[in-house]
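In the working numbering, each residue carries its 1-based index in the sequence shown increased by 26.
Glycine is no exception: its CB is placed at the ideal position from the N, C-alpha and C atoms.
The next block holds one structure in the form of structure tokens; read it before the comments.
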Amino acid sequence: MAPYEIRIVGDPVLRQRAEEITDIDGRLARLAEDMAATMYEAPGVGLAAPQVGVQKRLFVYDTGDGQGARTLINPEIREASGEWAFEEGCLSVPGLSWEILRPRDIHLVGLDLDGNEVSIEASEYEARVFQHELDHLDGVLLLERLDEDSRKAARRAVRELMLGRQEAAPAKAARGLSLH
Ligand code: NI
């Protein structure tokens, strides 16, 4: 069983800004390890700490490049450019996805679990995962990234999702759709 239950839209923890991490220690490493296990079981390609109810600026990810799960602490986007549309889903908004336009290329900085500075130039898919996870640390869900018109319909779909959750079987990721 996954160490954590993933928080679902409607949970206030998903709407709060997470706090900067000041101590990188064994407890944090354990948190990251448990988050990665939760992410793999979902399955997803990224998971931010608020999604497991922890208000810290940290996320784990594995974009399938063969390097396994990695952790980014206190991540910040230094530069963003271009535009890229991509069908985006979220583990905290199960069963729903939307095409969302975001910058295509980003320069991301942060710390790893050893406290070393990390600097990453990412594009397209990888950049998308980082931007989605960073949004979670700021209390932003993908609904806010939709334009006005799509947002109304999306809000309705999310309300139905929240109402139907008791009866409905948990929605599983469609094949090929990335969930964060
Ligand atoms: Ni998400």
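Rounded to whole angstroms, the separation of the alpha carbons of Ala75 and Gln157 is 14 Å. Not one heavy atom of the ligand NI is found less than 7 Å from the C-beta of Leu134. Per DSSP, reduced to three states, the secondary structure at Leu134 is strand. The shortest C-alpha to C-alpha distance from Glu109 to any of Gln77, Val166, Ala153 is the one to Ala153. Excluding residues up to 5 positions away in sequence, Thr64, Ala68, Leu73, Gln77, Val78, Leu117, Ser118 lie with their Cβ nearer than 8 Å to the Cβ of Ile32 in the same chain.
Cβ-Cβ separation between Val184 and Val35: approximately 6 Å, consistent with a contact (criterion under 8 Å). The stretch 61-134 is shown to contain whole beta strand (DSSP E) runs of 3 or more residues at 72-74, 84-87, 96-107, 110-115, 123-128, in chain order. For Glu152, the enclosing alpha helix (DSSP H) has its first and last residue at 150-163.
Contact between Glu114 and Ser107 is ruled out by a C-beta separation of about 19 Å, above the 8 Å threshold. Going by C-alpha positions, His133 is about 40 Å away from Gly190.
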